[in-house]
Amino acid sequence: MKAAVWYNNRDIRIEEVPLRRPGPREMLVKVISCGICGSDIVEWYRLPRAPLVQGHEIGAEVVEVGASVDGFRPGDRVFVAPKVPCGACSYCREGHFPQCTEVKERLPGGFAEYILVPEVLVEKGAYPLAGSISYDQSTFIEPLACVVRSQRLAGLKGGHSVLVLGCGMSGLLQVQLAKVKNCTVVATDIVEKKLAYARDFGADLAMPAGGDVPGRVRGFLGKKPDIVMLCSSALSAVEQAWACVDKGGAVVFFAVPGPAKTVTIPINDYWTKEVRILTSYYCGPPDMQEAMKLLAAKAIDVERMITHRLPLADIVRGFELVMRGEDAVKVIIKPHAKEGNAGS
Ligand SMILES: [Zn+2]
Ligand SMILES: [Zn+2]
């Protein structure tokens, strides 16, 4: 089969790779849609495992199941998680699923025609897709689950005011989910088109990331925001987060500036103000379930976030689109499509 092997963001090669039949407890799925995630283009994060086949936002069709698999049949539409936590280690017991120490197998990458799903993921990481979720929409399950988790960790609830810094795919999901929860939402970005999206998806105010962001946010809300979601890796966004957050509020690092940069925390100031600083990384099974529920109920409009559908052969272009971040929100690779914009 063909797979896109990633060496770095500018060197992704379509290679012929061997594919074997599923063992008794494995299954073979055909990748219909696989989203390019913002984290796929972060080289410092991905290069240590290169060359690799990326792609963890997968909508697939079961084509063959092992003799001992009863939960799935050929033709089933599924989402498969990239990995599953054990549920029993000390981290899992505390709900820190992304920290599970017992994860041994990961799902092979989805920028490929097929995936042989390992036993543990057939058992605990594969979910049938509700009829109302298309394959393309299913590529949002994992990213939305990460957003669900971050808002839960932040203690976000109805009535809160939320500032979202950065309106890429994740930022726009943050905006939509906070609106579902009846929050007042302000969003920033450097790209005007992204601000238009943010407004369109319900942001009460969307404004350029430059200039006096703290002043304008405060002027609009009449107070400082309770929750600041950092969905940008710019150091200037971190500085704005520090200046914007209210007493008793939280700054959530959903994105980070990268290992070469240093962040200074105004900890003396925050000490008296009881500001919480937290990180949110990846998601766990309950977050995935919640994301699927939201998508099945059409509570989050992901369809209009899809800007590009590309065949596997155009994956380099897909990565360029995500890196440039101007015209693209969600780019989906369709490994079996011959050309772009090939339906869902
Ligand atoms: Zn992702
Ligand atoms: Zn565990």
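Here this note's numbering is used: the first residue of the sequence shown is 1441, the next is one more, and so on. Note that CB positions come from ideal geometry on N, CA and C, so glycine has one too.
- For E1501, the Cβ stays outside the 8 angstroms cut-off from all heavy atoms of ligand 1.
- In the structure shown, the three-state DSSP call for G1655 is helix.
- Residue pairing by DSSP places E1497 opposite G1475 in a beta bridge.
- A Cβ-Cβ contact shorter than 9 angstroms links L1556 with R1460.
- For F1759, the uninterrupted alpha helix (DSSP H) segment begins and ends at 1755-1764.
- Distance from the CA atom of G1688 to the CA atom of E1504, rounded to whole angstroms, is 53 angstroms.
- Remark: the C-beta of G1527 is in contact range of ligand 2, defined as less than 8 angstroms to any heavy atom.
- Proximity of the segment 1727-1735 to the segment 1756-1765 falls short of the contact definition, fewer than three beta-carbon pairs being nearer than 8 angstroms.
- Sorted by chain position, residues whose beta-carbon lies closer than 6 angstroms to a non-hydrogen atom of ligand 1 are C1477, S1479, H1496, E1497, E1582, P1583.
- When the alpha-carbon of V1543 is set against those of K1778, G1724, K1770, the nearest one is in G1724.
- The beta carbon of R1486 lies closer than 8 angstroms to those of W1446, S1479, D1480, L1492, Q1494 in the same chain, with the five residues before and after it left out.
- Between ligand 2 and the CB of Y1710, the shortest heavy atom gap is not smaller than 8 angstroms.
- Assignment of L1547 by DSSP, reduced to helix, strand and coil, places it in the coil class.
- Annotated as proximal: G1650 and I1630, with beta-carbon spacing under 9 angstroms.
- DSSP assignment within the segment 1511-1537 yields the following whole beta strand (DSSP E) runs of 3 residues or more, N-terminal first: 1517-1520.
- Around the Cβ of K1663, a 10 Å sphere holds fewer than 16 other Cβ atoms; the residue is exposed.
- Placement of the Cβ of C1723 at a distance of 8 angstroms or more from every heavy atom of ligand 2 is found.
- By DSSP's assignment, S1601 forms a beta bridge with T1624.
- Between ligand 2 and Y1531, a heavy atom-to-CB distance of less than 8 angstroms is present.
- The DSSP-derived three-state label of N1448 is strand.
- Between M1467 and F1537, the C-beta spacing is not below 9 angstroms.
- Here V1471 has I1498, A1500, G1550, A1552, E1553, Y1554, I1555, P1775 as same chain residues with Cβ atoms under 7 angstroms from its own Cβ, once five neighbours each way along the sequence are excluded.
- Taken through DSSP and simplified to helix, strand or coil, Y1567 comes out as strand.
- For E1542, the CB falls within less than 8 angstroms of some heavy atom of ligand 2.
- Assignment of beta strand (DSSP E) within the segment 1714-1745, counting only whole runs of 3 or more residues, yields 1716-1719 in chain order.
- When the alpha-carbon of E1534 is set against those of V1691, T1747, I1476, L1593, the nearest one is in L1593.
- A distance below 8 angstroms between beta-carbons, with the five flanking residues on each side excluded, links Q1577 to the following residues of its chain, in chain order: G1499, L1735, V1742, E1743, S1784.
- The closest CA to that of C1586, considering only L1750, P1726, A1737, is found on P1726.
- Between ligand 2 and the CB of F1519, the shortest heavy atom gap is not smaller than 8 angstroms.
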